[in-house]
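The opening position of the sequence shown corresponds to residue 64 in the working numbering, with each subsequent residue numbered one higher. Read the structure below first, then the notes.
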Amino acid sequence: MSERPSRHPVDVRPKWPQLVLGGIQHVAAMYAGVVAPPLVIGAAVGLSPGQLSLLISASLFTAGLATLLQTLGVWRFGARLPLVNGVTFASVAPILSIAQQHAGNALGVVYGATLVGGLFVVLAAPFFSKLTRFFPPVVTGTVITLIGISLLPVAVQWISAQQPAARPSGLLLAGVTLVAVLVFTRFLKGFWSRIALLLGLVAGTLLAWPLGEVDTSTLKQAPVFGIATPFHFGAPVFDIAAIVSMLIVMLIVMLVVMAESTADLLALGEIVRRPTTSRTLADGLRADGLATAVSTVFGGFACTAFAQNIGLVSLTRMVSRYVVAAGGVVLVVLGALPVTGGIVALVPQPVLGGAGLVLFGSVAVSGVRTLAKASFEHPGNVAIVAASLGVGLIPIAVPGFYSGFPAALQVVLNSGISAGCLTAVVLNLVFDERLIERSTAPELSSVP
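Structure (structure tokens):
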């Protein structure tokens, strides 16, 4: 009698303590990223502090719903991988342009364009997923490495608290947190080693408290219950004459979202050792699109995968999708109970930055590991990686490099991940030896 095949670690449900603490750890890693876009957008459209708090809660709530959809799945929606979803920063630039052009009903126009963009992703997902053949290890490894490198400046900005220069106290907190994460990872065993990042954040925050670096004002001002009701910020507006240009830009944004989600799904498949098939990719992209469309009902924005959490999976080796699903539940609670979100917000930015150096660096390490599967005996592979990393690093090294380009092009080029990914795919086609052999076959056959 044959033994029953064991389940893949991705599908194994850990015990409750691991679920809860692992989920909180994922939320701590992505909290700053998910609240940043609504903070910027809310300020641009002139929301009051109370309304801004609701907008942030809406983004947390919809990120939780999107994460649950990705991890648990419903029919053909959801990759069923440990993937955290949240508001993408790629949508901020076009949204800010709306705020300038449609001051009277900016959010209504935004939600109309976002809803159309989400439905576009749902319809395009099956076709976009067929592109996996254009992502061999030399491409996926380059993109994964670029994801990690592009996130590292975010950690540095956290260390300096978004200021031009870091303060001594910020450097101290970042350094202590970094060392704490490394020490916990090295000396703790089993489950405790896997929550080293969370323990490091706690240690850094405890040190920050007597130094006066913990801001409790957010916790004091946060209401206990404050979920945004459907269409609280305005129903979607579908005035084609007024927003047709924005819709075009939004569709480009969603193409960028799909490209980045594709790269993230492929990276995650490598990390958890469950290769991402075209079906998995299609299901994941459908979930992105549906979550984006549904988020407009509750006041959220376009949703995509969070690369920093992919780094957390790699760092902690907690590959169960149920751990990330628990993080989705935490996000829903944070969205419904802003006071609990205030507790997470107590972590100072320099503390997040210290942990982020290890967290984001681990993503780049995963990319290097994938690149090891590619043969660098062929000069073409060296050229693909070199040029793609170079192009991808341009907007990271000089953020305003493409400021003179049209807005639609800026959406793509200002994302180092998207620009580098596109470069790698195109160059892989150019240097593909099979294509070269096919194109030169008739000429070779005529040689006597």
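Virtual Cβ for every residue (Gly too), placed ideally from N, Cα, C. Predicted, not measured: the structure shown is a model, and the values here were computed from it.
Worksheet item: Which residues in the same chain as residue 202 place their Cβ atom closer than 7 angstroms to its Cβ, once the five residues preceding and following it in sequence are excluded?
Response: Position 139 of the sequence shown holds residue 202. The residues are 487, 488, 491.
Discussion item. If we require 4 or more residues per run, which alpha helix (DSSP H) segments fall completely within the region 343-411?
Written reply: 370-379, 384-399, 401-407
Item to complete: Measure how close the beta-carbons of residue 124 and residue 395 come, nearest whole angstrom, since I'm counting them as under 8 angstroms.
Response: Taking the sequence shown and counting its residues from 1, the one referred to as residue 124 is at position 61. Taking the sequence shown and counting its residues from 1, the one referred to as residue 395 is at position 332. 6 angstroms between Cβ atoms; contact.
Worksheet item: For residue 424, which of helix, strand or coil comes out of DSSP?
Response: Counted from its first residue, the sequence shown places residue 424 at position 361. Reduced to three states, the DSSP call for residue 424 is helix.
Fill in: 8 angstroms contact criterion, which residue 262 and residue 247 should meet: CB distance rounded
Locating residue 262 in the sequence shown gives position 199, counting from the first residue. Locating residue 247 in the sequence shown gives position 184, counting from the first residue. Indeed, because the Cβ distance is near 5 angstroms, the residues count as touching under 8 angstroms.
Discussion item. Tell me the residue span of the beta strand (DSSP E) that contains residue 148.
Written reply: To locate residue 148, count along the sequence shown from 1; it is residue 85. Its beta strand (DSSP E) spans residues 148-150.
Discussion item. Rounded to the nearest angstrom, what separates residue 336 and residue 297 at their Cα positions?
Written reply: Residue 336 sits at position 273 when you count from the first residue of the sequence shown. Residue 297 sits at position 234 when you count from the first residue of the sequence shown. When rounded, the distance between both Cα atoms is 43 angstroms.
Item to complete: With a 10 Å radius around its C-beta and 16 neighbouring C-beta atoms as the bar for buried, classify residue 69 as buried or exposed.
Response: Position 6 of the sequence shown, counted from the first residue, corresponds to residue 69. Under this definition residue 69 is an exposed residue.
Worksheet item: Would DSSP call residue 493 helix, strand or coil?
Response: What you label residue 493 is simply residue 430 of the sequence shown in a count that begins at 1. DSSP places residue 493 in the helix class (H, G or I) of the three-state scheme.
Worksheet entry | For residue 414, the three-state DSSP class (helix, strand or coil) | Reading the sequence shown from its first residue, position 351 is the one you call residue 414. Three-state DSSP puts residue 414 in a helix.
Worksheet item: Using DSSP with H/G/I as helix, E/B as strand and the rest coil, what is residue 464?
Response: Along the sequence shown, read from residue 1 onward, the residue named residue 464 stands at position 401. Residue 464: coil per DSSP, three-state reduction.
Worksheet entry | Sequence-distant residues of its chain with Cβ nearer than 8 angstroms to residue 447 (five each side left out) | Against the sequence shown, residue 447 aligns to sequence position 384. These residues qualify, in order along the chain: 201, 202, 205, 487, 490, 491, 494.
Worksheet entry | Proximity of residue 388 and residue 177 at Cβ, strictly below 8 angstroms | Reading the sequence shown from its first residue, position 325 is the one you call residue 388. Reading the sequence shown from its first residue, position 114 is the one you call residue 177. No, the Cβ-Cβ distance between residue 388 and residue 177 is not below 8 angstroms.
Worksheet item: What residues are listed by DSSP as bridge partners for residue 137?
Response: As a first step, residue 137 must be located in the sequence shown, where it is residue number 74. Answer by DSSP bridge pairing, in chain order: 140.
Practice prompt. Kindly indicate which residue of 127, 460, 217, 414 has the alpha-carbon position closest to the one of residue 243.
Written response: Indexing the sequence shown from 1 puts residue 243 at position 180. When the alpha-carbon of residue 243 is set against those of 127, 460, 217, 414, the nearest one is in 414.
Fill in: Reference residue 421; option with closest CA among 241, 362, 350, 293
Working through the sequence shown from its first residue, we reach residue 421 at position 358. Out of 241, 362, 350, 293, the CA that lies nearest to the CA of residue 421 is found in 241.
Worksheet item: DSSP on residue 323, reduced to helix/strand/coil?
Response: In the sequence shown, the residue the question calls residue 323 occupies position 260. DSSP places residue 323 in helix when its eight states are reduced to three.
Worksheet entry | N- and C-terminal bounds of the alpha helix (DSSP H) containing residue 249 | As a working note, residue 249 is residue 186 in the sequence shown. Residues 231-250.
Worksheet item: Along the chain, where does the alpha helix (DSSP H) that runs through residue 213 open and close?
Response: The count along the sequence shown starts at 1 and reaches residue 213 at position 150. It spans 200-222 - the alpha helix (DSSP H) in which residue 213 sits, taken as one unbroken run.
Item to complete: With a 10 Å radius around its C-beta and 16 neighbouring C-beta atoms as the bar for buried, classify residue 272 as buried or exposed.
Response: To locate residue 272, count along the sequence shown from 1; it is residue 209. Label assigned to residue 272: exposed.
Worksheet entry | Span separating the alpha-carbon of residue 458 from that of residue 209 | Stepping through the sequence shown from its first residue, residue 458 is reached at position 395. Stepping through the sequence shown from its first residue, residue 209 is reached at position 146. Using only the alpha carbons, I get a separation of about 12 angstroms.
Worksheet item: What did DSSP end up calling residue 188 once you bin it into helix, strand or coil?
Response: On the sequence shown, residue 188 is found 125 positions in, with the first residue counted as 1. Helix, per DSSP.
Discussion item. With a threshold of 8 angstroms, are at least 3 pairs of Cβ atoms found where one atom belongs to the region 344-353 and the other to the region 184-191?
Written reply: yes
Worksheet item: Of the residues 120, 354, 128, which one's Cα is nearest the Cα of residue 390?
Response: If you number the sequence shown from 1, residue 390 lands on position 327. Of the listed residues, the one whose Cα sits closest to residue 390 is 128.
Worksheet item: Which class does residue 197 belong to by DSSP, given the choice of helix, strand or coil?
Response: For the purposes of this step, residue 197 is taken as the residue at position 134 of the sequence shown. Residue 197: helix per DSSP, three-state reduction.
Worksheet item: Using the rule of at least 16 other Cβ atoms within 10 Å of the residue's Cβ for burial, across every protein chain shown, is residue 473 buried or exposed?
Response: Translated into the one-based positions of the sequence shown, residue 473 becomes position 410. Only buried fits residue 473, as 16 or more other CB atoms lie within 10 angstroms of its CB.
Fill in: Opening and closing residue of the alpha helix (DSSP H) in which residue 267 lies
Within the sequence shown, the letter at position 204 stands for residue 267. First-last of the alpha helix (DSSP H) with residue 267: 259-271.
Worksheet item: Which same chain residues, not among the five before or five after residue 218, have their C-beta less than 6 angstroms away from its C-beta?
Response: Counting from 1 along the sequence shown, the entry for residue 218 is found at position 155. 416, 419, 420, 423, listed in sequence order.
Practice prompt. Using the Cα positions of residue 360 and residue 468, report the straight-line distance between them to the nearest angstrom.
Written response: If you number the sequence shown from 1, residue 360 lands on position 297. If you number the sequence shown from 1, residue 468 lands on position 405. Approximately 33 angstroms between the Cα atoms of the pair.
Practice prompt. Could you give the DSSP three-state label for residue 101: helix, strand or coil?
Written response: Within the sequence shown, residue 101 is the residue found at index 38, counting from 1. If DSSP states are grouped into helix, strand and coil, residue 101 belongs with the helices.
Worksheet item: Does the beta-carbon of residue 304 have 16 or more other beta-carbons within 10 angstroms, so that it is buried, or is it exposed?
Response: Counting from one through the sequence shown, the residue named residue 304 turns up at place 241. Interpretation of residue 304 is limited by its pLDDT of 45, a score under 50 that renders its predicted location unreliable; the figure taken from the coordinates is listed afterwards. Residue 304 comes out exposed.
Worksheet item: Taking residue 87 as the reference, which of 449, 324, 412, 385 has the closest Cα?
Response: Numbered from 1 along the sequence shown, position 24 holds the residue referred to as residue 87. Among 449, 324, 412, 385, the Cα nearest to that of residue 87 is on 385.
Item to complete: In angstroms with no decimal places, state the Cα-to-Cα distance between residue 334 and residue 111.
Response: Position 271 of the sequence shown holds residue 334. Position 48 of the sequence shown holds residue 111. Answer to the nearest angstrom: the Cα atoms are 43 angstroms apart.
Worksheet item: Can residue 91 and residue 410 be called in contact, C-beta distance under 8 angstroms?
Response: Translated into positions along the sequence shown, residue 91 becomes position 28. Translated into positions along the sequence shown, residue 410 becomes position 347. Yes, the pair counts as a contact, with Cβ atoms nearer than the cut-off.
Fill in: Of the residues 258, 179, 193, the one placed nearest residue 300, counting alpha carbons only
Locating residue 300 in the sequence shown gives position 237, counting from the first residue. Checked all of 258, 179, 193; the closest Cα to residue 300 is 179.
Fill in: Nearest-angstrom Cα separation, counted from residue 370 out to residue 224
As a working mapping, residue 224 is identified with position 161 in the sequence shown. As a working mapping, residue 370 is identified with position 307 in the sequence shown. Spanning the two alpha carbons is a distance of roughly 21 angstroms.
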